[in-house]
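Q: Protein chains in written order, with the numbering used here: chain L, 4 to 231; chain R, 4 to 231.
Virtual Cβ for every residue (Gly too), placed ideally from N, Cα, C.
Every value quoted in this text rests on a predicted model; they were computed, and no experiment measured them.
The structure under discussion is supplied below as structure tokens; questions concerning it will follow.
There are 2 protein chains.
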Amino acid sequence: MRSPSQTFSYPYPHPAVTTDVVVFTVRNNRLAILLVKRANMPFAGSWALPGGFLDIDEDLDACAARELEEETGIAGLYLEQLYTFGATHRDPRERVISVTYYALVPQDALTAPRAASDASDVDWFDFDALPPLAFDHAAIVQMAHRRLVAKLDYSTIAFGFMPKTFTLSELQCVYETLLNQPLDKRNFRKRILAQDLIEETGRQRRNGKHRPAREYRARFAKRVEIIK
Amino acid sequence: MRSPSQTFSYPYPHPAVTTDVVVFTVRNNRLAILLVKRANMPFAGSWALPGGFLDIDEDLDACAARELEEETGIAGLYLEQLYTFGATHRDPRERVISVTYYALVPQDALTAPRAASDASDVDWFDFDALPPLAFDHAAIVQMAHRRLVAKLDYSTIAFGFMPKTFTLSELQCVYETLLNQPLDKRNFRKRILAQDLIEETGRQRRNGKHRPAREYRARFAKRVEIIK
DNA sequence: GACAATAGTGTCGAACTTACACCTTGTCAA
DNA sequence: TTGACAAGGTGTAAGTTCGACACTATTGTC
């Protein structure tokens with residue numbers, strides 16, 4: 004926490020450093036991201052990415068994780084650094100450099116986020132129906148989305164959206180949502196199974212009033228490896 | 004420039020922000036990077052990446068370009084942001100966040116770099132014979148190299164090493180250097196020409212006492228597009 | 001004119017990608 | 001119990017891409 008009772012002086016001007024996080028999920032077959040409503044100036048009342056100022060003895064990754072948890076209650080995600088935004092007037096208060104991160108979260112981990120800290124509200128928004136965003140956060144979101152889509156091709160990033168167990172139809176549905184196009188069921192299953200990244204749990208899962216599907220899990224441990 | 008006659012105070016501690024740049028070239032059929040010898044403490048006398056402190060009213064990209072030019076005399080490169088390093092004790096003086104960049108330069112643009120500013124010397128080093136580096140710069144170099152190799156597959160990044168005109172053999176040689184493996188001449192030419200990214204200049208180039216080769220140039224304008 | 005050195009060219013098989021349709025297994029309601 | 005509904009699950013053939021592979025062409029030199 005910050006203690007405004009003293010001041011800190013330097014022989015040269017220093018920018019402030021923040022972290023901001025773009026948290027993606029797939030919800031109702033739509034890509035969605037997590038936003039907080041700002042409680043304070045500037046942009047009070049605007050929606051923004053969760054994030055905040057770096058503590059002076061805190062690693063960047065830790066700051067992103069802490070701010071995310073403080074403002075939304077969501078913890079334990081794997082945060083990957085995205086890009087650093089530092090245009091000179093991106094924050095009206097002072098010079099602010101923002102180191103941005105992105106993360107994926109499975110639908111079922113949606114322990115409804117709770118607002119706290121500098122946020123007066125928290126909610127998920129469909130990616131193609133975002134409200135106006137504070138600062139340059141719209142640009143950050145765009146870059147995160149480009150990265151996400153690019154990584155679909157050459158990494159296992161999509162598994163980041165899947166719960167511990169899932170069916171092939173559910174996985175295909177996530178790919179279709181992210182790629183925004185339908186995929187052939189047989190070819191999809193062939194390709195996924197050929198990669199040898201998932202295995203059957205042996206159980207079945209009933210998702211409706213019809214034939215139940217085989218349940219799968221990722222072969223790799225907790226954190227989904229992202230092939231760079 | 005910095006004016007140390009006054010001080011700058013903030014209600015909260017601020018880190019310093021620097022930029023550092025990894026400049027790659029291919030030289031004598033080997034990958035090489037540009038290093039400067041530090042004139043000042045800390046790590047005075049050590050080799051390090053060119054870079055330095057962000058001016059308070061300067062964009063990050065501009066800072067990287069400025070510091071590169073000040074310390075090495077090299078200007079006009081396309082700098083792409085790589086990653087931001089901010090471990091708490093990576094600089095012994097104070098908390099320093101470094102936004103790092105990388106760039107590629109063709110062999111023929113090697114107007115011999117000249118040391119200036121905070122650098123007492125500048126030189127190119129073969130990538131697999133680097134001296135010990137100051138700060139965490141070895142980690143930065145490693146990450147830049149991983150990114151470079153990864154992008155070879157799905158981008159036109161290799162053209163960044165080529166002069167305005169070149170022969171197919173020269174291009175193949177750059178690929179072989181970067182991939183560290185020999186390539187089949189016929190398959191290489193087929194693949195490159197199929198991409199439709201280069202065109203014949205109509206001229207020939209004599210590279211020795213033997214049959215001259217056709218000269219090519221990149222189809223795209225000045226800056227080589229890097230497909231993300 | 002023979003030799004040295006690099007430039008330049010085509011084919012075949014294997015592997016991978018894509019397009020495409022039907023039967024199976026469960027629920028539910030008549 | 002049976003038939004309709006809904007999603008689960010499976011194979012094949014054609015086209016395309018990728019990789020291995022060897023010889024002729026052109027220039028300069030001796």
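Using CA atoms only, rank isn't needed, just tell me which of Phe56/R, Asp139/R, Phe138/R, Leu186/R is closest to Ser172/R.
A: Minimum Cα distance to Ser172/R is reached at Leu186/R.
Q: When you compare the CB positions of Gly54/L and Leu107/L, do they come within less than 7 Å of one another, or not?
A: No, they are not a contact pair.
Q: So is Arg98/L in contact with chain R if we call contact Cβ pairs under 7 Å?
A: Answer yes: the Cβ-Cβ gap between Arg98/L and chain R drops below 7 Å somewhere.
Q: Ala137/L and Arg69/L - do their beta-carbons sit closer together than 7 Å?
A: No.
Q: Among residues of its own chain, excluding the 5 on either side of Ile229/L, which ones have a beta-carbon nearer than 6 Å to its beta-carbon?
A: Any answer about Ile229/L is weak, because its pLDDT of 49 lies below 50 and its placement is not dependable; what the coordinates show is given next. Cβ within range, chain order: Ser158, Ile160.
Q: With a threshold of 16 other CB atoms inside 10 Å of the CB of Ser217/R, please say whether the residue is buried or exposed.
A: Looking at the sequence provided, one finds Arg at residue 217/R rather than Ser. The residue in question, Arg217/R, is exposed, as its Cβ has fewer than 16 Cβ neighbours within 10 Å.
Q: Could you work out which residues of chain L lie near Gly89/R, taking near to mean beta carbons separated by less than 8 Å?
A: Per Cβ cutoff of 8 Å: Val20, Leu57, Asp62, Leu63, Val102.
Q: Secondary structure at Arg189/R, three-state DSSP: helix, strand or coil?
A: Helix.
Q: So the candidates are Tyr178/R, Glu72/R, Lys212/R, Arg220/R; which of them puts its Cα closest to the Cα of Glu33/R?
A: Checking the displayed sequence, the identity of residue 33/R turns out to be Arg instead of Glu. The shortest C-alpha separation from Arg33/R is found at Tyr178/R.
Q: Of all the alpha helix (DSSP H) runs that stay within the bounds of the segment 169 to 213 of chain L, which reach a length of 4 or more residues?
A: Runs of the alpha helix (DSSP H) inside the segment 169 to 213 of chain L: 171 to 182, 188 to 198.
Q: Using 8 Å as the threshold, is the segment 119 to 126 of chain R in touch with the segment 94 to 101 of chain R, meaning 3 or more CB pairs across them?
A: Contact between the segment 119 to 126 of chain R and the segment 94 to 101 of chain R is absent, because fewer than three Cβ pairs lie under 8 Å.
Q: Round the Cβ separation of Ala147/R and Val39/R to the nearest angstrom and send it over; I've been treating them as touching at under 8 Å.
A: The Cβ separation is near 16 Å, so there is no contact.
Q: Expressed to the nearest angstrom, what Euclidean distance is found between the alpha-carbon atoms of Phe56/L and Tyr15/R?
A: Those two C-alpha atoms are separated by around 10 Å.
Q: Does Thr10/L have its Cβ less than 7 Å from a Cβ in chain R?
A: Interface residue, yes.
Q: Tell me whether Leu133/L sits in a helix, a strand or coil according to DSSP, three-state version.
A: It is coil, neither helix nor strand.
Q: Got a sec: which bits of the segment 180 to 209 of chain R sit with their beta carbon under 9 Å from any beta carbon on chain L, in order along the chain?
A: For the segment 180 to 209 of chain R, which is checked against every Cβ of chain L, not one residue is closer than 9 Å.
Q: Specify the secondary structure class of Leu52/R as computed by DSSP and reduced to three states.
A: Of the three classes helix, strand and coil, the one that applies to Leu52/R here is coil, per DSSP.
Q: Going by CA-CA distance only, name the one from Ile36/L, Thr10/L, Val20/L, Tyr13/L that's closest to Met131/L.
A: The sequence given here has Asp at residue 131/L, not Met. Selected option, being the one with the closest Cα: Ile36/L.
Q: Could you tell me the alpha carbon to alpha carbon distance between Tyr86/R and Gly211/R, rounded to whole angstroms?
A: Their Cα atoms are separated by approximately 42 Å.
Q: With a threshold of 6 Å on Cβ separation, who are the neighbours of Arg209/R within its own chain once the five nearest residues in sequence on each side are excluded?
A: Around Arg209/R: Pro215.
Q: When you compare only the Cα positions, how much space is there between Thr170/R and Gln175/L?
A: Answer to the nearest angstrom: the Cα atoms are 45 Å apart.
Q: Kindly indicate which residue of Ala67/L, Leu133/L, Pro95/L, Ile77/L has the alpha-carbon position closest to the one of Tyr104/L.
A: Comparing Cα-Cα distances from Tyr104/L to each of Ala67/L, Leu133/L, Pro95/L, Ile77/L, the minimum goes to Ala67/L.
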